[in-house]
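Here's the structure, in structure tokens; my notes come after.
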Amino acid sequence: MRIIGIDPGTYTMGYGILQSEGGEITCLACGAITVPRGLPLPERLRRLHGGLLALLECYAPQTAAVEEPFVAKNPRSALAVGQGMAIALLAAAQRGIDIARYPPAKVKGAVAGHGQSSKARVQQLVRLQLGLAADPEPPDAADALAVALCHLQERRLQALRDSG
-11 MRIIGIDPGT YTMGYGILQS EGGEITCLAC GAITVPRGLP LPERLRRLHG
39 GLLALLECYA PQTAAVEEPF VAKNPRSALA VGQGMAIALL AAAQRGIDIA
89 RYPPAKVKGA VAGHGQSSKA RVQQLVRLQL GLAADPEPPD AADALAVALC
139 HLQERRLQAL RDSG
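Residue numbers (this note's numbering): -11 to 152.
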């Protein structure tokens, strides 16, 4: 199974592509789609959408795992992340890809054991779990890989529940 994890935003959209076969998980790619700061929102969203469509075309994942916005701290930030999330959901739907969404606390819990872990800790643990030579950069890429790992963990747990 090939999964793209997406950490949405309106300036930077992190992505991480994982391949899972026979219990082995391989990181195929990770990084971020970025757009210049001075652009109007509609143009930023158009460029992010185009970049994401290109990734989906290149890697052909079966599933997109998308991190949902965290609302409590800053509603304005949550709205921006929500706009980026809408672009990610649209791109995946246009390609006919299954979509899973996860709140940040669930993602952090899946990777780090609890939902309050720092970004630096998530980066480090993603590196260790995937056997990478260095922490994924930028941090948005590590977050995207964490979302993909969370989805794999959820699939394993669901398979256990279904078989039991």
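No residue lacks a Cβ here, since even glycine has one placed at the ideal position from N, Cα and C.
In this structure, does DSSP put residue 19 in helix, strand or coil? As a working note, residue 19 is residue 31 in the sequence shown. In this structure, residue 19 counts as strand in the three-state DSSP scheme.
Quick one: using the 10 Å Cβ neighbour count with 16 as the cut-off for buried, is residue 128 buried or exposed? The count along the sequence shown starts at 1 and reaches residue 128 at position 140. Buried is the call here.
Identify every residue that forms a DSSP beta bridge with residue 86. Along the sequence shown, read from residue 1 onward, the residue named residue 86 stands at position 98. Answer is 51.
Between the region 132 to 143 and the region 82 to 97, are three or more C-beta pairs nearer than 8 Å? yes
So, is residue 147 buried or exposed, given that buried needs 16 or more other C-beta atoms within 10 angstroms? Indexing the sequence shown from 1 puts residue 147 at position 159. Classification for residue 147: exposed.
What whole-angstrom Cβ distance do residue 44 and residue 79 have, given they're in contact under 8 Å? As a working note, residue 44 is residue 56 in the sequence shown. As a working note, residue 79 is residue 91 in the sequence shown. Between residue 79 and residue 44 the Cβ distance is about 6 Å, and since that is below 8 Å, they are a contact.
With a floor of 4 residues, list each alpha helix (DSSP H) that falls wholly inside the region 97 to 129, ordered by position along the chain. 107 to 118
Of the residues 15, -1, 62, which one's Cα is nearest the Cα of residue 123? Position 135 of the sequence shown, counted from the first residue, corresponds to residue 123. Nearest of 15, -1, 62 to residue 123, Cα basis: 15.
Are residue 130 and residue 104 touching if we call contact CB-CB under 9 Å? Counted from its first residue, the sequence shown places residue 130 at position 142. Counted from its first residue, the sequence shown places residue 104 at position 116. Contact: no.
So, are the CB atoms of residue 5 and residue -8 less than 9 Å apart? Taking the first residue of the sequence shown as position 1, residue 5 is located at position 17. Taking the first residue of the sequence shown as position 1, residue -8 is located at position 4. Yes, these two residues count as a Cβ contact at 9 Å.
State the Cα-Cα distance for the pair residue 135 and residue 90, rounded to the nearest angstrom. The residue you call residue 135 lines up with position 147 of the sequence shown. The residue you call residue 90 lines up with position 102 of the sequence shown. Taking the straight line from one Cα to the other gives about 7 Å.
Assumed close pair residue 47, residue 68 - CB separation to whole angstroms, cut-off 8 Å: Working through the sequence shown from its first residue, we reach residue 47 at position 59. Working through the sequence shown from its first residue, we reach residue 68 at position 80. At roughly 26 Å, the Cβ-Cβ gap does not stay under 8 Å, so residue 47 and residue 68 are not in contact.
Less than 9 Å between the C-beta atoms of residue 21 and residue 0, yes or no? Translated into positions along the sequence shown, residue 21 becomes position 33. Translated into positions along the sequence shown, residue 0 becomes position 12. Closer than 9 Å, so yes.
May I ask you to report which of helix, strand or coil DSSP gives residue 45? Here the question's residue 45 lines up with position 57 in the sequence shown. Three-state DSSP puts residue 45 in a helix.
Please determine, among -5, 57, 71, the residue with the shortest C-alpha to C-alpha distance to residue 32. By one-based count along the sequence shown, residue 32 stands at place 44. Ranking -5, 57, 71 by Cα distance to residue 32 puts 71 first.
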